[in-house]
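Numbering-wise (this note's numbering), the sequence shown opens with residue 26 and increments by one.
Ideal placement from N, C-alpha and C gives every residue a C-beta, glycine not left out.
Before any comments, here is the structure.
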Amino acid sequence: MRKHMISIRAELTPEQVKAASRQIAARLDELKPVQQARFIMGFASIRNEIDLAFWMEKGMARGKTLLLPRVEKNGQLEAVEFRGWEQTIAGPFGIREPVGEPFDPQMIDVVLVPGLVFDVQGYRLGYGKGYYDRFLPRLRQNAFCCGLCYEFQVVDNAYPHARDIPVHYILTEKSEIAVNQDDS
26 MRKHMISIRA
36 ELTPEQVKAA
46 SRQIAARLDE
56 LKPVQQARFI
66 MGFASIRNEI
76 DLAFWMEKGM
86 ARGKTLLLPR
96 VEKNGQLEAV
106 EFRGWEQTIA
116 GPFGIREPVG
126 EPFDPQMIDV
136 VLVPGLVFDV
146 QGYRLGYGKG
156 YYDRFLPRLR
166 QNAFCCGLCY
176 EFQVVDNAYP
186 HARDIPVHYI
196 LTEKSEIAVN
206 QDDS
């Protein structure tokens, strides 16, 4: 499933990526948890992922504290304050990562999560390293996690493993999915 989604996403034109990214950014701005958030962790896109670059700069201008993920030498994902693209460096996978000290995950209000696949239960497939599955449990219990992807990346079942952590909400360029995580 990963290879299939990577190949479909690779065929998107820059115009398609930009249009979908802008549609998703507009939807993000309408989400109450995002509007109320002070500390938001986004991501730097690679390989035709949803591009949040302009949205993050706009968020900074609005007084939000934006964070980006950084992979540490020990393989742990940390959130680090984003102070502009000029204060980022290419990380181990070529992903732009901020310089600076790690930010306390317990302070984060919203995490925007990339993925290759999301299912309607909120589970995701990334590139298989488990960074987000290890990071998300470190957040406070009421932090809002929102998956961002293209409509074609939403499937009925991503076949999650026991350690996989679902998101609360999924935004695509065409739809919004509020995930029901009530186990009762």
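In this structure, tyrosine 194 lies near valine 204, with their beta-carbon atoms less than 8 angstroms apart. Secondary structure of proline 191 (DSSP, three-state): coil.
When C-beta atoms of the segment 55 to 74 are compared with those of the segment 26 to 36, three or more pairs fall below 8 angstroms, so the two segments count as touching.
Across the structure, phenylalanine 143 and leucine 102 are spaced so that their CA atoms are roughly 20 angstroms apart. Apart from sequence neighbours up to five positions away, the residues of its chain that approach leucine 77 with a beta-carbon distance below 6 angstroms are Gly67, ordered along the chain. Just measuring C-alpha positions, the residue of Lys28, Ile133, Gly140, Leu150 sitting nearest glutamine 166 is Ile133. For aspartate 76, the secondary structure class from DSSP, reduced to helix, strand or coil, is coil. Assigned with DSSP and collapsed to three states, arginine 163 falls in helix.
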